[in-house]
Amino acid sequence: MSDDIAVGIDLGTSYSCVAVAREGGSPSVLPNEWGERTHASVVSFLEDGHVLVGNDAKKNIITNAEHTVASAKRLIGRFFFSDEVKKAQAVMPYGIVEGPNSSVRVEVRGRRLSIPEVSALVLKEMKAIAETNLGREVTRAVITCPAYFNDNQRQATKDAGRIAGLEVLRIINEPTAAALAYGFGKDLSQRICVYDLGGGTFDVSILEIGKDVFEVLSTAGDTYLGGDDFDDRIMAWLADDFLRTHGLDLRQNKFCLQMLKEASERAKIEVGRDGAAEVLVKSICQSPEGEVLDLRQRLEADQFNRMVMDLVQRTFKVCDEALQSARLTAHDIDAVILVGGPTRLPIIRTSVRHYFQKEPLTGVDPDEVVALGAAIQAAALVRGDAAEGGQASYLLDVTPLSLRVGTVGGFAERLIEKNTPIPIERSKTFTTSRDGQERVKIRVYQGESNRVEGCELLGEFEFTGFRVGYRGEVQIQVTFEIDPNGIVDVSATDLETGQRTSTTISLSSGLSEQDLRQAIDDNAGIELLGRAPAGV
Amino acid sequence: MDAQALIEVETLAAVLDQLDYYAVLKLQPGAGAAEVRAAYHRESRVYHPDRFAAAGSAELRATIGRIYRRINEAYTVLRDDRRRERYLADVTGPDRARKLRFTEADEAQVKEERQRRIEEQFGQTPNGRKFYATATQEARGERWEAAERAIKSALVYEPANPRFKELLAQIQAELEKTRPRGDYRIR
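Protein chains in written order, with numbering that gives the first Met the number 0: chain A, 0 to 535; chain B, 0 to 186.
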């Protein structure tokens, strides 16, 4: 049936990938017209109003730096005042400005775009690639996100899908998707660990596979650790060295910085593949005397390993945490799956082997496995008969962060513990504190600290329309629900009358329904370069 | 989805609020951790929302969602040894009707209990804990004099700790055994 198709999209920090699982066949990655299987998550806004996405856009990072947005995923679902945004402002050549409700906007060619709108353009390109490849319209997708993403980030990812004109069937976690791609249809009974080091995030999930059931036992992560940090180390080394020899700081100029960044990424890949890298950037800058200078360096594997050792060690702290939550030791793990480009580095492979005392699995492509898993899940969600056909698989995932509500004195009281299976719900009763009170406000947080400062604010919910009475007399039961996407929903009822009260979100980093509609319209009007207009 | 299965779903949804967690997972009260996990996997194969994502009405999906959330809730409580213990006591006790779902108060009590056990085990002060750990280690190595010194130091910090006193008594009994006996004892 023509309706029965949905793709899986791995929306990565640096690269994205799209795959499909056709009926009866194994899942496969959909390449673009040039045979490229992964596509840079870079969006370049051209002078003529066209938008370029993918590996070609990446080339524009240097020539069209101020209007080319890269690593948007690092900013998605974050508040403007967060550290990550400050860090991005320092290194990114495009303008990052504050939008309403402390949200983040990027400023390109005089327009202000929210981060989901930028990610939507990447998704639109993935959609177009899939449509060209399959020769038909694609409107439904499963999109992956890091397991350690919080509610704001998941909601924003889902919004991005909607803006791109996709019905998002499910947001699934990247490590879970990888595990699904690995274990699907193999009839395994194993405990596995997925070590997912992406461009901007690091995730570890421990799963128990019992034939068709994929139960996540625990998940842990660091949303501030990824391959980009490895590049930064090389970059700092190159720049410091250049400063010493020429007295010029390459980091002062955003144009030089982009060249430096690109050279660092190349050097990292080369040193991982060949054991040493020659760095050569011709005419990177001009000295005050007008002399054109080149950047020349040689990076040895030993030296690189020393530079990044602490980053590698940080990943194993996260592994410790995940194993501890699952009440297991490294010895209990039957197989280790590596996901993400940086896991190709020999230093990572050696360290993983050392930590788990086990050879990590080969034969799983770290760049594509997530998209393949998402494709399997997408196919399962559109095909109602999958369960009867013996093709079924069930993902039993968990919430990565504890859900809390703010209480007096700046404390955050825990309602749902991290690593609790989802979907789940939990109720809590609130009472009014004043006579004749008409509204009750609560703030919802996610995080592991019992102080609100240490947690991420998800939003402020306001309940109205309940019975008005003396203080302490009115009891409102608030139900917190985490849906299968890991997205939090809050609703309330008056305990005595059983009537649902109306809920409004008065503070949130996300887009309002109206903004979303506007964004969908705007997005439909944007033409991607090299693609037929929307609607094939 | 056949009519038989539909009826089953409807019946389960109707009585959901009267079931305890064991019944939700179709287990006998008192089942252990391994059985709980197996039951969770079994019920997931039946009631996982993904199975109904493309089939059935929105109402059916909402009902399934409600059932599956309860299954997850049951699993969360029963997979944990301490919580399971507490819950079993609750639902087999006289207050059964009110204790079908694990509440905040239960959670707090489990936490308190856990804290108490840890404190009892290792002492309430950092120094007490440190010396107690040394004492147990020395005792394991059968260096009784050293063990006695350490546990006495621990008791300086926490004179009332019953576990410390118990260990001291044990060590002193051992010391008594190894002490040389005979005529040459100084009187």
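Glycine is no exception: its CB is placed at the ideal position from the N, C-alpha and C atoms.
All values reported here derive from a predicted model rather than from experimental measurement.
Do residue i and residue j have their C-beta atoms closer together than 8 Å?
i, j, result
"Ile614(A)", "Leu29(A)", "The displayed coordinates of chain A run from 0 to 535. Any statement about residue 614(A) would go beyond what the structure contains."
"Leu528(A)", "Leu45(A)", "yes"
"Glu455(A)", "Gly446(A)", "yes"
"Ser392(A)", "Ile375(A)", "yes"
"Ser218(B)", "Leu395(A)", "Residue 218(B) falls outside the range modelled here, since chain B spans only 0 to 186, and no answer is possible."
"Gly198(A)", "Asp231(A)", "no"
"Ala5(A)", "Asn522(A)", "no"
"Ser204(A)", "Thr218(A)", "yes"
"Leu298(A)", "Ala262(A)", "no"
"Ala155(A)", "Val117(A)", "no"
"Lys157(A)", "Asn418(A)", "no"
"Ile415(A)", "Ile481(A)", "yes"
"Gly409(A)", "Ala176(A)", "no"
"Val42(A)", "Val17(A)", "no"
"Val451(A)", "Val487(A)", "no"
"Gly160(A)", "Ala140(A)", "yes"
"Leu247(A)", "Ser286(A)", "yes"
"Leu122(A)", "Val103(A)", "no"
"Lys260(A)", "Met234(A)", "yes"
Check the Cβ of residue i against every Cβ in chain B and list those closer than 7 Å, keeping chain order.
i, result
"Thr430(A)", "Those do not exist, as Thr430(A) stays about 14 Å from chain B at its closest Cβ, beyond 7 Å."
"Leu395(A)", "Ser43"
"Glu424(A)", "Arg68"
"Arg382(A)", "Ala53"
Any beta carbon of chain A sitting closer than 8 Å to that of residue i?
i, result
"Asp49(B)", "yes"
"Tyr67(B)", "yes"
"Gly31(B)", "no"
"Thr177(B)", "no"
"Asn71(B)", "yes"
"Glu111(B)", "no"
Tell me which residues share the same chain as residue i and place their Cβ nearer than 6 Å to its Cβ, disregarding the 5 neighbours each side in the sequence.
i, result
"Glu106(A)", "Gly94 and Val96"
"Arg250(A)", "Ala238 and Leu256"
"Val489(A)", "Phe460 and Phe479"
"Leu167(B)", "Ile150"
"Leu494(A)", "Gln474 and Gln476"
"Ile441(A)", "Val404 and Phe460"
"Asp240(A)", "none"
"Gln88(A)", "Ile95"
"Leu154(B)", "Phe163"
I'd like to know if residue i contacts chain B, where contact means its C-beta is closer than 8 Å to some C-beta of that chain.
i, result
"Thr200(A)", "no"
"Lys427(A)", "yes"
"Leu179(A)", "no"
"Thr398(A)", "no"
"Ile475(A)", "no"
"Ile441(A)", "no"
"Leu402(A)", "no"
"Glu173(A)", "no"
"Glu459(A)", "no"
"Val212(A)", "yes"
"Pro115(A)", "no"
"Pro345(A)", "no"
"Ala379(A)", "yes"
"Ala386(A)", "Any reading at Ala386(A) needs caution, since the residue's pLDDT is 48, under 50, leaving its predicted position unreliable; the model's value is listed next. Yes, contact with chain B."
"Pro99(A)", "no"
What does a CB cutoff of less than 7 Å around residue i pick up in its chain, not counting 5 residues either side in sequence?
i, result
"Val23(B)", "Arg69, Ile70 and Ala73"
"Glu358(A)", "Arg352"
"Ile347(A)", "Leu196, Val311 and Pro341"
"Arg128(B)", "Phe121 and Gly122"
"Thr496(A)", "Arg466"
Spatial neighbours of residue i within its chain, please: C-beta separation below 8 Å, excluding the five flanking residues on both sides.
i, result
"Phe355(A)", "Cys192, Ala329, Ile332 and Val335"
"Asn31(A)", "His38, Gly53, Ile128, Thr131 and Asn132"
"Leu15(B)", "Val23, Arg65, Ile66 and Arg69"
"Leu360(A)", "Tyr181, Ala334, Val335, Ile336 and Leu337"
So which residues on chain A does residue i lean against when the C-beta distance must stay under 9 Å?
i, result
"Arg60(B)", "Here the premise fails: no neighbours, minimum Cβ distance about 11 Å."
Would you check whether the ligand NAD has a heavy atom nearer than 7 Å to the C-beta of residue i?
i, result
"Gly92(B)", "No copy of the ligand NAD appears in this structure; indeed no ligand is present at all."
Any beta carbon of chain C sitting closer than 8 Å to that of residue i?
i, result
"Pro26(A)", "Here the protein chains are A and B, and chain C is not one of them."
Can you name the residues of chain A whose CB is closer than 7 Å to the CB of residue i?
i, result
"Tyr74(B)", "Pro420"
"Gly64(B)", "Pro422"
Under 9 Å Cβ-Cβ, which residues of chain B neighbour residue i?
i, result
"Gly209(A)", "Arg36, Ala37 and His40"
Within the region 131–172 of chain B, ranges of the alpha helix (DSSP H) (whole runs, at least 4 residues): 143–156
Segments assigned alpha helix (DSSP H), at least 4 residues, entirely inside the region 20–83 of chain A: 54–62
Unbroken stretches of the alpha helix (DSSP H), 4 residues or longer, contained in the region 221–266 of chain A: 226–245
Runs of beta strand (DSSP E) lying entirely within the region 356–425 of chain A, each at least 3 residues, in chain order: 393–395, 402–406 and 410–415
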